[in-house]
Amino acid sequence: VDLGPRRRLALTHYALRHDASRDFLRDWVVQASADGEAWVDVRRHASDPSLKVAHQWAAWPLVGHAAARPWRALRVLLDRPNAGADNPWHLALSAWEFYGHLYEEHGPFA
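In my numbering, the protein residues as written are 4 to 113.
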């Protein structure tokens, strides 16, 4: 998700909603970027069992220096195969929400 040249989001937490499949996420990373080129891990999940039924929501806080910075772009990447056997690299999400403090400038961010 690219917020554009005049908006930045300082993340406080995020939520994901699983889709209808059995390809539950277990290992993934949330990354953020100030320019869309260089990406920083703001939260990494390893063997996370939070999503385990169809259409389930789960939310996680973001802490630390990288999470508190205002970012232009955000993404979620699979780190390892999901829990499903049929399509192990399927990023099985039906929704994602990012929460925090939105900053908007009248001119482009420096």
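We put the CB at the ideal spot given by N, CA and C, even for glycine. The model shown is predicted, which means the values in this text are computed figures rather than measured ones.
For residue i, tell me which candidate among the options has the shortest Cα-Cα distance.
i, options, result
"Arg-1", "Val-32, Glu-107, Gly-103, Ser-97", "Outside the modelled stretch of the chain, which goes from 4 to 113, sits residue 1, for which no answer is possible."
"Leu-65", "Ser-50, Ala-57, Asp-5, His-104", "His-104"
"His-68", "Val-43, Glu-100, Gly-7, Ala-57", "Val-43"
"Tyr-102", "Arg-29, Leu-14, Ser-53, Asp-5", "Leu-14"
"His-109", "Leu-54, Arg-11, Glu-100", "Arg-11"
In or out: residue i buried (at least 16 other Cβ within 10 Å) or exposed?
i, result
"Leu-119", "Absent from the structure is residue 119, since the part of the chain shown begins at 4 and ends at 113."
"Val-45", "buried"
"Ala-95", "buried"
"Trp-60", "exposed"
"Ala-62", "exposed"
"Ala-70", "buried"
"Tyr-106", "exposed"
"Arg-9", "exposed"
What is the DSSP secondary structure of residue i, counted as helix, strand or coil?
i, result
"Ala-71", "helix"
"Glu-107", "strand"
"Leu-96", "strand"
(request) Tell me, please, whether the stretch 21 to 37 touches the stretch 83 to 94 by the rule of three or more beta-carbon pairs shorter than 8 Å. (result) Segments in contact, yes.
(message) So, does the stretch 70 to 80 touch the stretch 28 to 39, judging by three or more C-beta pairs under 8 Å?
(response) The stretch 70 to 80 vs the stretch 28 to 39: in contact.
(message) Ignoring anything shorter than 3 residues, give me the beta strand (DSSP E) runs that lie fully in the stretch 10 to 89, in order along the chain.
(response) Listed in chain order, they are 10 to 21, 31 to 36, 43 to 48, 60 to 64, 76 to 81.
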